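Residue numbers (our numbering), protein chains in the order written: chain E, 1 to 262; chain C, 1 to 324. Glycine is no exception: its CB is placed at the ideal position from the N, C-alpha and C atoms. Predicted model, so just to flag it, every value in this text is computed and none were measured. See structure below.
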Amino acid sequence: MSDTAIAGPGPSARVIAFPAMAARCLRLSSRSIDALMTSLVLPVILMLLFVYVFGGAMSAGGGNYVSYLVPGVLLLCAGFGAANTAVSVSQDMAGGIVDRFRSLDVPGRAILAGHVAASIVRNTASTALVLGVAFLIGFRPHASAAGWVTAAGVLLLFVLAISWLAATAGLLARSAEAAGGFTFLVMFLPYPSSTFVPIRTMPGWLQGFARNQPVTPVVETMRGLLLGTPVGAAPWRALAWCAGILLVSAAASGLLFRLRTR
Amino acid sequence: MIDDLAVEAADLAVEAAGLEKSYGSERVLAGLDLRVPAAHCYALLGPNGAGKTTTVRILATLVRPDAGRATVAGCDLLADRAGLRSRISLSGQYAALDGLQTGAENLRMVARLAGVPRRQAGRRSAELLERFGLSDVAGKRVASYSGGLRRRLDLAASLVSEPSVIFLDEPTTGLDLPSRLTLWEVIGELRSTGMTVFLTTQYLEEADHLADTIGVINAGRVVAEGSPRELKQRVGSRRLELTLTSRPAFDEVARAAARRIVSADGGRLSVSVATDGSAAQVRDLLDSLDPAREAIASFAVRSATLDDVFLALTRPSAKEAISV
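Rendered as structure tokens:
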């Protein structure tokens, strides 16, 4: 036992593995022009698109549509950015680099956690950017300091859950293109929810789905925290969804990693 | 007796017995045995699909065998994976590096992952870059490297953890000649530092140049093992190709050449026999096979190819001839 520790990577190397992987993933995404474009510029474009293209029609119904929209757009962007984790994980799995990591005895969960950590940093940056632009174009929240902190926490939890789910999808995908498909799935999830329009304006058959999918309670919670709208049971349902996705993804990704690297 | 065995086992860097692996119905390894003495360079020589990569991946703990056992650097393959991984390195067929990181960043990352403290990681990386002649390109992204530079950096990355056994899977496949020669030099240096080098190759010339011991692998089994010299003596390093004047001449020469024959084609009246390529031996062969100087129309001498080695090693009579 002590022999192993002297010879090389003992427990300490396993502890180092996670921060070293996270630093690597962050460096890679900061250098990939594609990743930068999709995670920083695209969210801003999306928000401007919604506010200026659809915003006119929506606000005809009264109220400040920018303020209604921004919590949802923050969520959409964060979810989309987090989903990109699928692409980077699948690239690692397809290239030879995962073999090098494994022969260095880097645990699979450290590899995946590195990608998730990079995703959280990336999305924190893009959220700050989107929020900044939102203020410029008329977002006027009335939240307390505690509300802001809680909203940041909710968003963080959502990003964490979607990132792990995306890492799992990245393990399932056999190519980066296939992994990209998952990104689209996550990107479309906010549409049939209360992100852009109130659910009561949707056809009946869609309302059932819209009410019972993860994005709706998270959006409602964010809106409540930033704008003071009534939330009901939404925070608890949001918490349950995120925790559930996180747990299932963490377990499934561990299993899939072992299967893919048998 | 028991002491002898113990010493012998301790001196083996790699010992595998009865390794088997199938993917679906395809049997890739069919009971592979091999023994590599410590500080040796061992080349596993074989064509595509013979099971070379699977062998290396099993020995490096990346793939679990279906059956069999192996010890690498004193660690059991199945019982002590962590110990084994800490003593070996693998440089795969495709350079396992991040194209978006620079050469120096890649090496520092590997050093950190291998458990080297931050300050030492920088120093170790700089040393290796220097040693492999990569200092000039250390600050450039790997995506801009040529194939030869990539392989060299990959090799450097494999040395960061100071392994006692290093596995190189087809280290020069796809490289141009100058890059191949540079890499041969680098691999030769590794061997001189006392490290055990286990490489796979499909080039007889490469195995001949680098290895102390060559294992010839075919259809998932090591079919012959020995020093390059031994193998060449068994198989012949060159081929004397004879074109005969007539069918009776063909029969006569084929009979006279007997066990030396590597291949024969009655339709084309050609016979290929093993030789060392020396003028004296070629002259003797021509004289002894055709004393009347009527049967042989023309001859040519060429290097033995891997195909020749396999033909020689898998022909029943040849197998008998080479079994020790």
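Under a 10 Å Cβ-count criterion, residue 191(E) is classified as exposed, with fewer than 16 other Cβ atoms of the shown protein chains found around its own Cβ. Beyond the five residues adjoining it in sequence on each side, residue 48(C) comes within less than 7 Å, by CB distance, of 202 in the same chain, given in chain order. With fewer than 16 other CB atoms across the displayed protein chains lying within 10 angstroms of its CB, residue 184(E) is exposed.
Cα atoms of residue 46(C) and residue 174(C): separation of roughly 16 Å, rounded to the nearest angstrom. With fewer than 16 other Cβ atoms inside 10 Å of its own Cβ, residue 255(E) counts as exposed. Residue 297(C) and residue 258(C) have their alpha carbons spaced roughly 19 Å apart. Against chain E, a Cβ distance below 8 Å from residue 110(C) picks out 100 and 104. If only uninterrupted beta strand (DSSP E) runs of at least 3 residues are considered, those enclosed by the segment 255 to 288 of chain C are 261 to 265 and 270 to 275. In this chain, the alpha helix (DSSP H) harbouring residue 68(E) covers 65 to 83.
Pairwise C-beta distances place the segment 124 to 136 of chain E out of contact with the segment 186 to 206 of chain E, as fewer than three of them are shorter than 8 Å.
Straight through space, the alpha carbons of residue 82(E) and residue 99(E) are spaced by roughly 25 Å. Residue 213(C) is positioned such that its CB atom lies no closer than 9 Å to that of residue 168(C). Of all residues in the segment 27 to 39 of chain E, only 27, 28, 31 and 32 come within less than 8 Å of chain C when Cβ atoms are compared, listed by chain position.
Of all alpha-carbon atoms in 228(C), 183(C) and 198(C), the one lying nearest the alpha-carbon of residue 204(C) is that of 228(C).
Here residue 171(C) is buried, its C-beta having at least 16 other C-beta atoms within 10 Å. Judged by DSSP secondary structure, residue 34(C) falls within the beta strand (DSSP E) whose first and last residues are 26 to 37. Contact note: residue 125(E) does not reach chain C at a C-beta cutoff of 9 Å; the least C-beta distance is about 18 Å. 153(E) is the residue among 97(E), 153(E) and 31(E) whose C-alpha sits nearest the C-alpha of residue 145(E). Looking at the DSSP output, residue 218(C) shares a beta bridge with 221(C). Per the DSSP secondary-structure output, residue 169(C) pairs in a beta bridge with 200(C). With respect to the C-alpha of residue 234(C), the residue from 34(C), 244(C), 61(C) and 260(C) having the closest C-alpha is 260(C). Residue 196(C) is positioned such that its CB atom lies closer than 9 Å to that of residue 38(C). Shown here, residue 52(E) sits in a helix according to DSSP, grouped into three states. Here the alpha carbons of residue 173(E) and residue 222(E) stand approximately 32 Å from one another. For the 9 Å CB-CB criterion, residue 28(E) and residue 20(E) do not form a contact. The DSSP-derived three-state label of residue 141(C) is strand.
Below the 8 Å Cβ cutoff, chain C contributes 92, 93, 94, 95 and 96 as neighbours of residue 96(E), in chain order. Residues of the segment 236 to 257 of chain E with a C-beta less than 8 Å from any C-beta of chain C: none at all.
Exposed is the label assigned to residue 212(E), since fewer than 16 other Cβ atoms lie within 10 Å of its Cβ. Under DSSP, residue 20(C) forms a beta bridge with 30(C) and 67(C). Distance between residue 163(C) and residue 89(C), taken at the CA atoms: about 6 Å.
Beta-bridge annotation (DSSP): residue 300(C) is paired with 241(C). Counting along the chain, no beta strand (DSSP E) covers residue 194(E), and no H or E run does either. Spanning the alpha carbons of residue 48(E) and residue 226(E) requires a straight line of approximately 20 Å. With a cutoff of 9 Å on beta-carbon distance, residue 107(C) and residue 67(C) are scored as not near each other.
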